[in-house]
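Enquirer: Next up is a structure, given as structure tokens.
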Amino acid sequence: MSPPPPLAIGGGVPFPISSANRAIKVEYTRLVHVALQDQAPESDHRLRHPIVYFLQNQAPKKVWERMLFEQFADSSLGSDERYSHLPRTIPLILLLCKAAVKVAHQKLDLIKTDEAEMAEYELWHRDYQKFLEVTVFLLIGVELFRKKSYAEALVYLVYSSQCNKELLLRGPARGHSQELLANYRRACLLVSQEQSEHLPGPLFTTKLNTRAAALFEAGSKAAVSEGLEILMELVVPCMPFLLASDAADGTQEADLAAVETVRNCWCSYLDQEMEPPILEKLTEFLPKLLDCCGETRSFCPPPRLPSCSTQELCERFRRVVTSQKHTPSNGT
Numbered sequence: 045m046s047p048p049p050p051l052a053i054g055g056g057v058p059f060p061i062s063s064a065n066r067a068i069k070v071e072y073t074r075l076v077h078v079a080l081q082d083q084a085p086e087s088d089h090r091l092r093h094p095i096v097y098f099l100q101n102q103a104p105k106k107v108w109e110r111m112l113f114e115q116f117a118d119s120s121l122g123s124d125e126r127y128s129h130l131p132r133t134i135p136l137i138l139l140l141c142k143a144a145v146k147v148a149h150q151k152l153d154l155i156k157t158d159e160a161e162m163a164e165y166e167l168w169h170r171d172y173q174k175f176l177e178v179t180v181f182l183l184i185g186v187e188l189f190r191k192k193s194y195a196e197a198l199v200y201l202v203y204s205s206q207c208n209k210e211l212l213l214r215g216p217a218r219g220h221s222q223e224l225l226a227n228y229r230r231a232c233l234l235v236s237q238e239q240s241e242h243l244p245g246p247l248f249t250t251k252l253n254t255r256a257a258a259l260f261e262a263g264s265k266a267a268v269s270e271g272l273e274i275l276m277e278l279v280v281p282c283m284p285f286l287l288a289s290d291a292a293d294g295t296q297e298a299d300l301a302a303v304e305t306v307r308n309c310w311c312s313y314l315d316q317e318m319e320p321p322i323l324e325k326l327t328e329f330l331p332k333l334l335d336c337c338g339e340t341r342s343f344c345p346p347p348r349l350p351s352c353s354t355q356e357l358c359e360r361f362r363r364v365v366t367s368q369k370h371t372p373s374n375g376t
């Protein structure tokens, strides 16, 4: 990204107003530095502050400028976690905080924003909130995946991937890499026996499709019904998302291969002998699996969990991305 324009804040005013002006400039300079820094995959600077997100996405100046002044205009500035190391019991610090709030309010009053610009500002805010939501759902999904709670994880991962794709339509830096989300989404769905032999422990041997197939092969009425329910409630609804993968984001080939693996698994049962009631259930189910390309289903948001601090969010994201090297790149 190219460096943004300098922040215009007047000088020649008495202390503590002059110090407040300088504090705002220093914070702006810090955020620009963070936005321009090269970042490792496990350290996403956009999670650290909305202005970093705005700058990396080339948001209009009025958007990030208003955000910056609103940050300082917040009367709770003194309790912001980013400044928790400052000794706020010192009267001078409290005086500076009050001055910064006053300066920020003055600057906000000077920013002339018409209705259209305000709508754009709110849109950027919604995009950033959605970006954070995508991140939290991704983290929860991966954490559930690591606990082998694949059914629960899939709901979070699919919803995260769905929302992330909407963000990416508006710009490549609006969301996360689809490949990061797709790897775990596919891993929840299936794994072949041949591939599982090369993976550590039972982690990759009880994915949803494999679990559903094992229940179906058990042969009892209850097990067959449970296996097909897993498919209908979780696996089949994911098929349209896999089929709609974009070649540009590098996930299409692996997603299409996952779809074919699921379909081949269930079509192969037609060559096997089975009780007529089970065969009847299979023949009723197969058309839904084979003809699901036009049945795109919108997943409801999964249960929301309490929000976490910026520091905790960044740390959880670092752990998830770092752990991805232990997950095969093809998601199986």
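Quick note on our numbering: the sequence shown kicks off at 45 and runs consecutively.
For each residue, glycine too, the CB sits at the ideal point set by N, CA and C.
#1: Taking the runs of the alpha helix (DSSP H) that are 4 residues or longer, which of them lie wholly in the region 163–213?
#2: Grouping DSSP H, G and I as helix and E and B as strand, with all else coil, what is P320?
#3: Among L314, I184, E270, which one has its Cα closest to the Cα of R348?
#4: Would the beta-carbon of L259 fall within 8 Å of that of A267?
#5: Among the residues of its own chain, which have a CB less than 7 Å from the CB of N308, if the five just before and after it don't count?
#6: Residue range of the alpha helix (DSSP H) that D299 falls in?
#7: Residue range of the alpha helix (DSSP H) that T63 falls in?
#8: Can you give me the C-alpha to C-alpha distance between V178 and Q355, rounded to a whole angstrom?
#9: Does DSSP classify N101 as helix, strand or coil?
#10: Does the distance from the CB of R218 to the CB of I155 come in under 8 Å?
#11: Among Q368, L357, V303, A298, whose alpha-carbon lies nearest the alpha-carbon of F175?
#12: By the three-class DSSP mapping on this structure, what secondary structure does R255 have?
#13: Confirm, please, whether the CB-CB distance from L225 to N208 is below 8 Å.
#14: Taking the alpha carbon of A143 as the point to measure from, which residue in D153, A163, E159, F116 has its own alpha carbon closest?
#15: Cutting at 8 Å between CB atoms, please list the residues of its own chain near C352, excluding the five before and the five after it.
#16: Flag this pair as yes or no: are the beta carbons of F113 and Q206 separated by less than 8 Å?
#17: If you count every other CB in all the chains shown that lies within 10 Å of the CB of E71, and 16 or more means buried, which is it?
#18: Does DSSP classify K156 as helix, strand or coil?
#19: Looking only at its own chain, which residues have a Cβ that is under 8 Å from the Cβ of E317, when we skip the five neighbours before and after it?
#20: Does E223 come out as helix, strand or coil in the three-state DSSP assignment?
#21: Quick one: what does DSSP say C282 is sitting in, helix, strand or coil?
#22: Does the region 162–172 come close enough to the region 94–103 to have 3 or more Cβ pairs within less than 8 Å?
#23: E261 by DSSP, collapsed to three states: which one?
#24: Within the same chain, show all residues whose beta-carbon is closer than 6 Å to that of I322, passing over the 5 residues directly before and after it, in chain order.
#25: Pull up the distance between the alpha-carbon of E166 and that of E319, whole angstroms please.
#26: Taking the alpha-carbon of A67 as reference, which of S87, K146, D82, R230 has the nearest alpha-carbon?
#27: Could you spell out the range, first to last residue, of the alpha helix (DSSP H) harbouring L357?
#28: Once DSSP output is grouped into helix, strand and coil, what is the label at H89?
#29: So, for I61: in the same chain, excluding its five sequence neighbours on each side, which residues have a beta-carbon less than 8 Å away from its beta-carbon?
#30: Taking the alpha-carbon positions, what's the H242 to L152 distance?
Expert: For this structure:
#1: 194–212
#2: helix
#3: I184
#4: yes
#5: none
#6: 296–311
#7: For the sequence presented, residue 63 should be read as Ser rather than Thr. Per DSSP, S63 belongs to the alpha helix (DSSP H) from 61–80.
#8: 17 Å
#9: coil
#10: no
#11: L357
#12: helix
#13: yes
#14: F116
#15: V180, R360
#16: no
#17: buried
#18: coil
#19: none
#20: helix
#21: helix
#22: yes
#23: helix
#24: V268
#25: 59 Å
#26: K146
#27: 354–367
#28: helix
#29: A143, K146, V147
#30: Any reading at H242 needs caution, since the residue's pLDDT is 33, under 50, leaving its predicted position unreliable; the model's value is listed next. Going by the C-alpha atoms only, they are around 59 Å apart.
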